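Peer 1:
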Amino acid sequence: MALPITYNVRNVRVRWQLTLLAIVGIALVVTTVVFLTAMASGFRLALRATGRTDNVMIVQKGANAELTSGIGRNAAALLLVDSRIARDEAERPLSSPEILVVATYPRKADGAEVNVSVRGVTPRAFDVRGGIRLVAGRQVQPGLPEVMVGERVRDRYGFEVGSKVSIQNKPWEVVGVFASDGSGFESEIWGDLETMAEPLRRTGGYQAVVVRLADPSTFEAFKTAWEGDPQVQVSVFREREFYEAQAGPIAGALLGLAGFVGIVMGVGAVFGAMNTMYGIVASRTREIGTLRALGFSRRSILLSFLTEAVILAAAGGVLGCLLALPANGVTAATNSANFSELAFAFRITAPALFAGMTFAILMGIVGGLLPALRAARLPITTALREV
Amino acid sequence: MSGNGKAPMVSVEGVRKVYHRDAEEVKVLDGVTLEVPEGDFVALMGPSGSGKTTLLNLIAGIDRPTSGKLFVAGTDVAQLGESDLARWRSRNVGFIFQFYNLIPVLTAVENVELPLLLTNLSKKERRERALTALKVVGLAERSQHYPRQLSGGQEQRVAIARAIVADPKVLVADEPTGDLDSKSAEEILALMDTLNTEFGKTIVMVTHDPRAAQRAHTQWHLEKGVLSR
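Taken in order, these protein sequences are the chains called A and B. Here the first sequence is numbered in the working numbering, starting from 159 and rising by one per residue. Here the second sequence is numbered in the working numbering, starting from 87 and rising by one per residue.
#1: When we look at the beta-carbon of B/N178 and count the other beta-carbons within 10 Å, is it buried (16 or more) or exposed?
#2: If distances are taken between C-alpha atoms only, which option among B/A259, B/L141 and B/V251 comes closest to B/L156?
#3: By Cβ distance, which residues of its chain are closer than 7 Å to B/H231, with the 5 residues on each side in sequence left out?
#4: So with CB distances below 7 Å, who are the chain B contacts of A/N169?
#5: Can you name the start and end residues of the beta strand (DSSP E) that B/T288 belongs to?
#6: Less than 8 Å between the beta carbons of A/A342 and A/V298, yes or no?
#7: Beta strand (DSSP E) containing A/A235: first to last residue?
#8: Along the chain, where does the alpha helix (DSSP H) containing B/E110 start, and where does it finish?
#9: Measuring from the CB of A/L236, is there a heavy atom of the ligand ADP at a distance below 7 Å?
#10: Looking at the unbroken alpha helix (DSSP H) that takes in A/E344, where does it start and where does it end?
#11: Exposed or buried, which one is A/S498 when buried takes at least 16 other CB atoms within 10 Å?
#12: According to DSSP, what are the bridge partners of A/A508?
#13: Where do the ends of the alpha helix (DSSP H) carrying A/F284 lie?
#14: Using a threshold of 8 Å, state whether the C-beta atoms of A/E402 and A/V392 are closer than that.
#15: Helix, strand or coil: which one does DSSP assign to A/R291?
#16: Among residues of its own chain, excluding the 5 on either side of A/A294, which ones have a beta-carbon nearer than 6 Å to its beta-carbon?
#17: Can you give me the C-alpha to C-alpha distance between A/T539 and A/V170, rounded to a whole angstrom?
#18: Tell me whether B/K209 sits in a helix, a strand or coil according to DSSP, three-state version.
#19: Alpha carbons only, please: which of A/K322, A/L161, A/N166 and A/P303 is nearest the one belonging to A/M435?
#20: Which residues bound the alpha helix (DSSP H) around B/N143?
#21: A/K322 lies in the beta strand (DSSP E); which residues open and close that run?
#22: Look at the Cβ atom of A/V390, then the Cβ atom of A/L520, and state whether they are nearer than 8 Å.
#23: Count the other C-beta atoms from every protein chain shown that fall within 10 angstroms of the C-beta of A/I421, then say buried if there are 16 or more, exposed otherwise.
#24: On the DSSP bridge list, what partners appear for B/S97?
#25: Tell me which residues share the same chain as B/M87 and place their Cβ nearer than 6 Å to its Cβ, disregarding the 5 neighbours each side in the sequence.
#26: Could you confirm whether any beta carbon from chain A is found closer than 8 Å to the beta carbon of B/D149?
#27: Based on Cα-Cα distance, which residue from B/A172, B/I274, B/K138 and B/E196 lies nearest to A/P162?
#28: Which value, in whole angstroms, describes the spacing of the CA atoms of A/T280 and A/R250?
#29: Any idea if B/D253 is buried or exposed, counting beta-carbon neighbours within 10 angstroms, 16 or more meaning buried?
#30: With a threshold of 8 Å between beta-carbons, can B/S176 be considered close to chain A, or not?
#31: Take B/A298 as the anchor and find which of B/K287, B/S314, B/G311 and B/K269 has the nearest alpha-carbon.
#32: Grouping DSSP H, G and I as helix and E and B as strand, with all else coil, what is B/Q242?
#33: Going along chain B in order, which residues have a C-beta closer than 7 Å to the C-beta of A/I538?
#34: Could you check whether B/V163 and B/L171 sit closer than 8 Å to each other, using their CB atoms as the reference points?
#35: Going straight from the alpha carbon of A/R291 to that of A/T208, what length do you get?
#36: Please list, in chain order, all residues of the same chain as A/V286 whose beta carbon is under 8 Å from its beta carbon, the five residues on each side excluded.
In structure tokens form, the structure reads like this:
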């Protein structure tokens, strides 16, 4: 039978000064890994939530961001007669033609001039684009110099309902604030398409047209038909995939960074844990000799010290997760594919914490193995002579 | 064979123990022959470096002879493999050390219970037997104390309770009074005497202390690896 786990737990507790350094080392690695993973998942969520699976994003041929795209009004009109597009009771297509420009505003936190996307939409945008809801004020009225702002724009630039926002040197009144499940729209300013087209000099066309398909399975046929049509010159994407592709390189890089930093720091922490465990074995040499004399096998000594290393590492893991937790919901921002600021919230998810704990325990096993082997291999007579 | 016709508890025959220090050969034991009848109380004496602790370690099965025959409690211990030897120790040998060697993070009763973790006894039975052993050494009321809360003499008594709890046939003691004041030493020796006379334990003790040696029935002297009475 193995040595009881309470033996290890009490040893860790009694000798906590000795183990503290290793625990903190592991904790910091876990914090970093959880933190970077949370950043990546928050960023990915911000862009994924921007798209619906049954919506189709139509942009200029070859464009992979809205800002670099342009679709003429005539081409858009041609597209909208396609029978695969869903229609409302009045037989109007569920479509949202949109214009997009970039304006700069001083950020509240540090006063830095930052790009913000300004989007002109029709009232239909609320039916076509997913998950958008007003959290304050009202929608804009066509014809009036009014805008709505996303929640993150309000938070980061201080555009409250009733304040004025300068667009093309003219004041526009903020009449509403909207949320969209954490998506990229929350980092945008929205106004009425026709009211904005003139001052923004976008009267000739749109940046993109978003349409809802009546049957999402017809997407491939829709895509093939229009991408092959020389009259319109467009590229067709599923809306979610379009935005996810924009997240791809950045979220992927973040996750790669989390892995790289985790491994580099992890190697350091493993050596720290190993050093601590060697110290623990050395300080308990006579104890190990005694246990072996009493009849405990090499295997139970090995398991016992590995267990102790894992307990130590798990304590570090828990501490690391706790240190990372306050970052949950903290907003950070990066540049989107539209060269505008895209704010997103850190998401500390259960899988991120699980990954952190697994990583911690792995570090404990790797760091504890050699010292535990040394403990198990000590000759009993030499071990008993240690003072 | 000893005088009473029974097989001896410990039988050492022509045992040699040689260490290699670099190219040099160090003969610690040079053909030692010794028989300890069941129920005997033997003291091994001799100057330091004479090999008495080595002999004790061989009898206890925590070291192996270079050559020679070694039977303890009817088992040819020199032939046992590593894990068989560990199991054999847990059933047949009780250890008493000079510095008690209690586990500091375990209470007195948990320390005494340790050898029973290697048996099939239930948790309840283990605890009961550990408490009984503590009663035998007169420390039942200290069962929940940690070693650091006990005096040296008390620690050694807990260690003796641990040595007898699995009911081994042989007790080996390496300088059991070496770290104690004379009053505590006297108590420990009296306790060992009781274990020998009342519980029939065979005891092999290494000691420097002439008063401790007096308690034994048989005294052996080791000098440069050779045994004499």
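The beta carbon of each residue, even a glycine, is placed where N, CA and C say it ideally should be. Given the structure is predicted, the values throughout are model-derived calculations rather than measurements.
Peer 2: In short:
#1: Its Cβ being crowded by 16 or more others within 10 Å, B/N178 is buried.
#2: Minimum Cα distance to B/L156 is reached at B/L141.
#3: Closer than 7 Å at the Cβ level, and outside the excluded window around B/H231, lie T193 and A194.
#4: The answer, in chain order, is V191.
#5: Taken as a continuous stretch (DSSP letters only), the beta strand (DSSP E) holding B/T288 covers T288 to V292.
#6: It is worth fixing the name first, because residue 342 of chain A is Gly in this sequence and not Ala. No, Cβ-Cβ distance for A/G342 and A/V298 is not below 8 Å.
#7: Not the beta strand (DSSP E): A/A235 falls in the alpha helix (DSSP H), residues R231 to L237.
#8: Looking at the DSSP string, B/E110 is not in any alpha helix (DSSP H); the run it does join, the beta strand (DSSP E), is E110 to V122.
#9: Ligands displayed in this structure: none; no statement on the ligand ADP is therefore possible.
#10: Annotation: A/E344 is outside any alpha helix (DSSP H) and is labelled neither H nor E by DSSP.
#11: Buried, by the Cβ-count rule.
#12: Answer by DSSP bridge pairing: none, since A/A508 is not bridged.
#13: Where A/F284 is concerned, the enclosing alpha helix (DSSP H) stretches over A283 to V286.
#14: A distance of 8 Å or more separates the beta carbons of A/E402 and A/V392.
#15: Looking at A/R291 - three-state DSSP - the assignment turns out to be strand.
#16: Contacts found: V319 and V335.
#17: C-alpha separation (whole angstroms): 26 Å.
#18: Assigned with DSSP and collapsed to three states, B/K209 falls in helix.
#19: With distances taken between Cα atoms, A/M435 lies closest to A/N166.
#20: Run containing B/N143: K138 to A146, per the alpha helix (DSSP H) assignment.
#21: For A/K322, the enclosing beta strand (DSSP E) covers residues K322 to I325.
#22: In this structure, the beta-carbon distance from A/V390 to A/L520 does not fall below 8 Å.
#23: A/I421 should be labelled exposed.
#24: In the DSSP assignment, the residues bridged to B/S97 are B/E121 and B/F157.
#25: Only weak support is given to the placement of B/M87: the predicted model assigns it a pLDDT of 42, under 50, and the question is left unresolved by the model.
#26: Yes, its Cβ sits closer than 8 Å to a Cβ of chain A.
#27: Considering only alpha carbons, the answer is B/E196.
#28: Spanning the two alpha carbons is a distance of roughly 13 Å.
#29: With fewer than 16 Cβ atoms within 10 Å of its Cβ, B/D253 is classed as exposed.
#30: Put simply, the CB of B/S176 is near chain A, with a gap under 8 Å to one of its CB atoms.
#31: Distances from the CA of B/A298 to each of B/K287, B/S314, B/G311 and B/K269 were compared; the closest alpha carbon is that of B/K269.
#32: B/Q242: helix per DSSP, three-state reduction.
#33: Taking a Cβ-Cβ cut-off of 7 Å, the neighbours of A/I538 in chain B comprise I148, given in sequence order.
#34: The Cβ atoms of B/L171 and B/V163 sit closer than 8 Å to each other.
#35: Going from the Cα of A/R291 to the Cα of A/T208 covers about 13 Å.
#36: The residues are N213, L252, S253, S254, V368, V369 and R370.
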